[in-house]
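Data first, discussion second: the structure below is written as structure tokens.
Numbering (UniProt numbering), first residue to last: 1 to 220.
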């Protein structure tokens with residue numbers, strides 16, 4: 001007899017749910033963004049000394065690169081039919097144009113950004129009350145993602161001078177989703193998730209809603 005999610009032992013690495021036709025398929029092929037999914041072969045440039053706009057100490061160029069990477073992440077509009085295909089519901093937009101969702105890849109990137117900021121929290125003046133809980137949430141979400149999408153690409157090794165052990169070659173070949181295609185789709189379907197004409201909590205007074213939304217903007 002299988003355990004229900006509430007009965008799973010504490011050390012279980014995932015929260016498991018019942019099997020369904022949706023779960024039996026690759027989640028990337030179920031949502032409307034699947035039309036943007038294109039595959040290509042790429043070699044990761046990840047040697048210790050490799051530099052790129054997203055890596056290294058805090059600096060204006062790095063902040064701009066991460067901002068642009070996450071730009072379309074706030075909110076995406078989809079149809080009811082798209083939600084029906086994954087057997088989920090979401091917040092309906094007030095103008096009746098669809099429902100609010102976000103691509104999970106942007107949540108994962110958001111979490112990576114917060115973790116790297118946490119490494120430089122004095123620079124970023126991070127004063128969030130539940131900062132530790134936020135970072136822990138991000139780290140464990142990323143752990144689950146890595147385990148769920150177990151990458152079986154091979155790391156090879158080589159000998160290098162003045163080091164007694166085999167050294168890994170971090171330039172690993174991967175089958176990757178074309179990021180530019182996904183980003184273009186996300187930008188095309190995104191909307192302002194802080195627009196009170198589209199998103200407003202029914203239990204809050206309009207002025208309070210505006211104050212909450214302003215505060216959430218500052219947390220991004």
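Glycine residues also receive a C-beta, built at the ideal position from the N, C-alpha and C atoms.
Collapsed DSSP secondary structure at residue i in the structure displayed
i: residue 113; result: helix
i: residue 182; result: helix
i: residue 175; result: strand
i: residue 159; result: coil
i: residue 87; result: coil
i: residue 135; result: helix
i: residue 59; result: coil
i: residue 34; result: helix
i: residue 49; result: coil
i: residue 64; result: helix
i: residue 81; result: helix
i: residue 200; result: coil
Residue j beta carbon less than 8 angstroms from that of residue i
i: residue 224; j: residue 172; result: Residue numbering for the chain in the displayed model covers 1 to 220; residue 224 lies beyond these limits and cannot be assessed.
i: residue 135; j: residue 118; result: yes
i: residue 186; j: residue 76; result: yes
i: residue 108; j: residue 54; result: no
i: residue 111; j: residue 142; result: yes
i: residue 198; j: residue 93; result: yes
i: residue 170; j: residue 46; result: yes
i: residue 184; j: residue 36; result: yes
i: residue 56; j: residue 48; result: no
Buried versus exposed, by CB contacts within 10 Å (16 or more), residue i
i: residue 24; result: Low per-residue confidence applies at residue 24: pLDDT is 48, beneath 50, and the placement is therefore not dependable, though the value from the model is reported in the following sentence. That one is exposed.
i: residue 72; result: buried
i: residue 182; result: buried
i: residue 106; result: buried
Endpoints, beta strand (DSSP E) assigned at residue i
i: residue 101; result: 99-101
i: residue 270; result: Outside the shown range of the chain, which is 1 to 220, sits residue 270, and nothing can be said about it.
i: residue 76; result: 76-78
Spatial neighbours of residue i in its chain, beta-carbon cut-off 7 angstroms, leaving aside the 5 residues before and after
i: residue 175; result: 39 and 41
i: residue 90; result: 83, 99, 100 and 101
i: residue 160; result: 167
i: residue 97; result: 77
i: residue 180; result: none
i: residue 165; result: none
Close-in-space but distant-in-sequence residues of the same chain around residue i (CB under 6 angstroms, 5 per side omitted)
i: residue 114; result: 138
i: residue 261; result: In the structure as shown, the chain starts at 1 and stops at 220, and residue 261 therefore has no counterpart that could be examined.
i: residue 153; result: 172 and 174
i: residue 58; result: 120 and 123
First and last residue of the uninterrupted alpha helix (DSSP H) at residue i
i: residue 169; result: Not the alpha helix (DSSP H): residue 169 falls in the beta strand (DSSP E), residues 167-169.
i: residue 121; result: 121-124
Chain B within 8 angstroms of residue i, Cβ atoms only
i: residue 194; result: The chain labelled as chain B is not found in the depicted structure, where only one protein chain is given.
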